[in-house]
Amino acid sequence: MNEQQRLPWPEASATGVGSWPGEDPAEAVRTIVGELPELPHLPELPARGAGADMVGRTAGMLPEFPVEVQPSGWRVAQRPGRDLARARDFLSYDLDALEERAHAYAGPLKVQLAGPLTLAASIELRGGEKLLADAGAVRDLTEALAEAVGAHVRDVRRRVPGAEPIVQVDEPSLPAALLGTVPTASGYSRLPAVERVTAEERLRTVFDAVARAGAVPVAHCCARSVPIDLLRRSGARAIGLDVAWLTRASDEAIGTAVENGVGLFLGVVAGTDRNLSDPAATVDPVRELWNRIGFAPELLARTVVTTPSCGLAGASPVYARTALTACRAAARVLRDEPRR
């Protein structure tokens, strides 16, 4: 448990998952830096359209792997076109806003990108089938993503020199890829399940690239049946989960991860507008989990970062700000009242 001392965020930290409502990057960054002073993140604004979405944003970073928008979604293209140019412009605008509003910030700063399995389950080959169906194409995509990670981290450091980058690799499609439930292009069948050893290799390639860039790799998946052990073995330094999907069956894997120095980003606040509970009730599932796995209470607020359950793109601006405030209050409860 000594490893816990080296988790790269302050005790009682809170952060966002990634996406944010609206279309104004300057306003989004201003709000997030103000509400999350200990662990801000670069927001994603998918309301702007194709290229600002999670897949398009990441695709715009990939070297020598052009894609374009088709009626069915993103598809591999012969050469870069206006869709990629738009995606790159969106990211540039967001980084400009970050530089303007957070240039003097010093401390952990989180950025997000889509992981290799989720990209492969979302991007189509030229023939129309999901890229996930072609093992060679998935390998090439993963290598391009690993190269893109380093360039992105360098750009963030240039714009915010005091930043200690954390790279969150979003893998919402990972459970489906492992279970063989990703639909084919026709929708009438399912793609074969990805072998766990292959998924681990692809994820490790990306996590290793993050670490080589001097950043901290975090895996995030707010779906059911997250393969926690696989993410830990792949090299994730922290794992982001929605507490609503955690059951006692997850306890052993979570306990092993924590014992090995892996942090937890736990979604405790709803991602869409609703009435919120008081902070103590909000973190009750986290405190109950911690009690079950049996670690010392004083380690709870060092290990766990509180977050919304998933991105906030579907929330109203007022609720999104309220959700971040609620996450900060919840984090303080984990520090001040670790036992229920």
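The sequence shown begins at 1 in the UniProt record's numbering and counts up one residue at a time. Glycine included, every Cβ here is placed at the ideal spot set by N, Cα and C.
Check: Which value, in whole angstroms, describes the spacing of the CA atoms of Thr307 and Lys130?; Outcome: 31 Å
Check: How would you label Gln70, buried or exposed, when you count the other beta carbons within 10 angstroms and need 16 or more for buried?; Outcome: exposed
Check: What alpha helix (DSSP H) runs, 4 residues minimum, are completely inside the segment 45–125?; Outcome: 54–59, 82–102 and 116–122
Check: Who pairs with Ala220 in a beta bridge, going by DSSP?; Outcome: A quick correction: the sequence has His, not Ala, at residue 220. Asp170 and Gly240, per the DSSP bridge assignment.
Check: Note the first and the last residue of the continuous beta strand (DSSP E) segment covering Gly263.; Outcome: Gly263 to Val269
Check: Given this structure, state the Cα-to-Cα distance separating Ile228 from Gly240, to the nearest angstrom.; Outcome: 10 Å
Check: Is the beta carbon of Gly115 closer than 7 Å to that of Asp53?; Outcome: no
Check: Quick check on Gly255: does DSSP put it in helix, strand or coil?; Outcome: helix
Check: Give me the Cα-Cα distance between Ala223 and Val182, rounded to the nearest whole angstrom.; Outcome: 13 Å
Check: Let's see if you can read the secondary structure: which residues bound the alpha helix (DSSP H) around Val305?; Outcome: No alpha helix (DSSP H) holds Val305; the beta strand (DSSP E) holding it covers Val304 to Pro308.
Check: Using only the alpha-carbon positions, how far apart do Gln4 and Ala296 sit?; Outcome: Per-residue confidence for Gln4 stands at a pLDDT of 44, beneath the threshold of 50, marking its modelled position as unreliable; the derived number appears in the next sentence. Between Gln4 and Ala296, the C-alpha separation is close to 12 Å.
Check: Considering only C-alpha positions, which residue in the set Pro165, Pro317, His152 and Pro66 is nearest to Asp140?; Outcome: Pro66
Check: Work out the CA separation of Ile166 and Glu259 for me, nearest whole Å.; Outcome: 21 Å
Check: Return the bridge partner residues of His152 from the DSSP annotation.; Outcome: In DSSP, His152 forms no bridge with anything.
Check: Rounded C-beta distance between Trp9 and Pro108? I'm assuming under 8 Å.; Outcome: 5 Å
Check: Relative to the C-alpha of Leu324, which candidate in Gly51, Thr256, Gly49 and Ile32 has its C-alpha closest?; Outcome: Ile32
Check: Taking 8 Å as the threshold, find out whether the segment 266–284 comes into contact with the segment 314–328 through three or more Cβ pairs.; Outcome: yes
Check: Would you mind working out which of Glu195, Ser309 and Tyr319 sits nearest Trp245, comparing C-alpha positions?; Outcome: Ser309
Check: To the nearest angstrom, how far is the alpha carbon of Asn2 from that of Gly261?; Outcome: Note that Asn2 has pLDDT 46, beneath the 50 cutoff, so the model's placement of it is unreliable and the number below is only indicative. Distance between the alpha carbons of Asn2 and Gly261: 8 Å.
Check: Between the alpha carbons of Ala77 and Glu68, how many angstroms are there, rounded?; Outcome: 6 Å
Check: Pair every Cβ in the segment 95–112 with every Cβ in the segment 11–27, then say whether three or more of these pairs are closer than 8 Å.; Outcome: yes
Check: Residues in its own chain within less than 8 Å of Leu179 by CB, not counting five upstream and five downstream?; Outcome: Ala193 and Ser225
Check: Taking the straight line between their C-alpha atoms, what separation do you get for Ala331 and Ala199?; Outcome: 32 Å
Check: Among Arg6, Glu35 and Glu11, which residue has its Cα nearest to the Cα of Val318?; Outcome: Glu35
Check: Using 10 angstroms around the beta-carbon of Ala215, count the other beta-carbons present and answer buried if the total reaches 16, otherwise exposed.; Outcome: buried
Check: Just verifying my parser: in three-state terms, what is the DSSP assignment at Ser316?; Outcome: coil
Check: DSSP state of Arg274, grouped into three classes?; Outcome: coil
Check: With DSSP run on the structure shown, which of helix, strand or coil describes Arg339?; Outcome: coil
Check: Taking the DSSP output, what are the residues bridged to Pro183?; Outcome: Arg190
Check: Straight-line CA distance for Glu143 to Glu252?; Outcome: 32 Å
Check: What are the partner residues of Glu164, as DSSP defines its beta bridges?; Outcome: Pro108
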